[in-house]
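These notes concern the structure reproduced below.
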Amino acid sequence: MNIFWLTGDLSHLAAIVILLLKIWKTRSCAGISGKGQLLFALVFTTRYLDLLTSFISLYNTSMKLIYIACSYATVYLIYMKFKATYDGNHDTFRVEFLVVPVGGLSFLINHDFSPLEILCTFSIYLESVAILPQLFMISKTGEAETITTHYLFFLGLYRALYLVNSIWRFYFEGCFDLIAVVAGVVQTILYCDFFYLYITKVLKGKKLSLPA
Amino acid sequence: GREAARKDEL
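If you read the sequences in order, they're chains A and B. For what it's worth, our numbering labels the leading residue of the first sequence as 2, then goes sequentially. For what it's worth, our numbering labels the leading residue of the second sequence as 63, then goes sequentially.
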């Protein structure tokens, strides 16, 4: 494990926990895309099926379980406990336009044509675009709460750190996963516009609002 | 290995 890998994991964890605590503390999920959170729950479920077949380390297993539990808890809060605060009218991204092509692609391009590997590949492709419903919602309402932008920042930062980790592992360990790297590049590119707004607005104490 | 990198990552 290297520093980019560890800080990537911690950044990912920070994002998930920030979102969960924001919803819990404010008793509201206003401004959060429920569809996006459903996609992330699907991402974790399909990627971590290897929990049932292989053991890597205590760290690996615990983090996977925490990610899965937090993502399901978030979905529960949005669609059950604080359903009344869910802003469904603005959460109108058509997720089937992501899930269907991504499903097809994972059948066509994968490392091994086995159920577990296809599902894992599916989760990597899906994760790279799973933020789109949330970004779409922000573009529709034209603004985001500052705490929501912190969530997005850590979620984006995690994948960028993982890319550096991939380069590190390629040079020092000789291992390389093209699928994960390409998906990671796509995922990071999708955050660039947001990163720009986060640095130029939110970090200077302003609210993230888009021009009408 | 090619895809070995992914197996121990999250």
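Even glycine gets a Cβ: it sits at the ideal position worked out from N, Cα and C. Small disclaimer: the values here were computed from a predicted structure and weren't measured.
Using a threshold of 9 angstroms, state whether the C-beta atoms of residue i and residue j are closer than that.
i, j, result
"K23/A", "F94/A", "no"
"L158/A", "G9/A", "yes"
"L99/A", "L127/A", "yes"
"T122/A", "S140/A", "no"
"Y68/A", "Y49/A", "yes"
"S129/A", "A184/A", "yes"
"D70/B", "N61/A", "yes"
"H112/A", "I168/A", "no"
"Y209/A", "A145/A", "Looking at the sequence shown, residue 209/A is not Tyr but Leu. Contact flag set, yes."
"F45/A", "Y163/A", "no"
"V96/A", "L40/A", "yes"
"L198/A", "T150/A", "yes"
"T75/A", "A42/A", "yes"
Where does residue i fall in DSSP's three states?
i, result
"A131/A", "coil"
"L53/A", "coil"
"E144/A", "strand"
"S210/A", "strand"
"F137/A", "helix"
"L162/A", "helix"
"I119/A", "helix"
"T201/A", "helix"
"N90/A", "helix"
"R68/B", "helix"
"A74/A", "helix"
"A216/A", "Since the first and last residues shown for chain A are 2 and 213, residue 216/A lies out of range."
"M64/A", "helix"
"G175/A", "coil"
Taking the beta carbon of residue i as the centre, do at least 16 other beta carbons fall within 10 Å, making it buried, or is it exposed?
i, result
"F195/A", "buried"
"M2/A", "exposed"
"S12/A", "buried"
"I155/A", "Correcting the residue type first, residue 155/A is Phe in the shown sequence and not Ile. It is buried - the Cβ of F155/A has at least 16 other Cβ atoms within 10 Å."
"A131/A", "buried"
"L20/A", "buried"
"I110/A", "exposed"
"T27/A", "exposed"
"T189/A", "buried"
Return yes when the C-beta of residue i is under 8 angstroms from any heavy atom of the ligand PLP, and no when it is not.
i, result
"G37/A", "This structure simply doesn't include the ligand PLP, nor any ligand for that matter."
* May I ask you to verify whether the segment 28-47 of chain A touches the segment 77-87 of chain A, counting CB pairs closer than 8 angstroms and requiring at least 3? => Touching, per the Cβ criterion.
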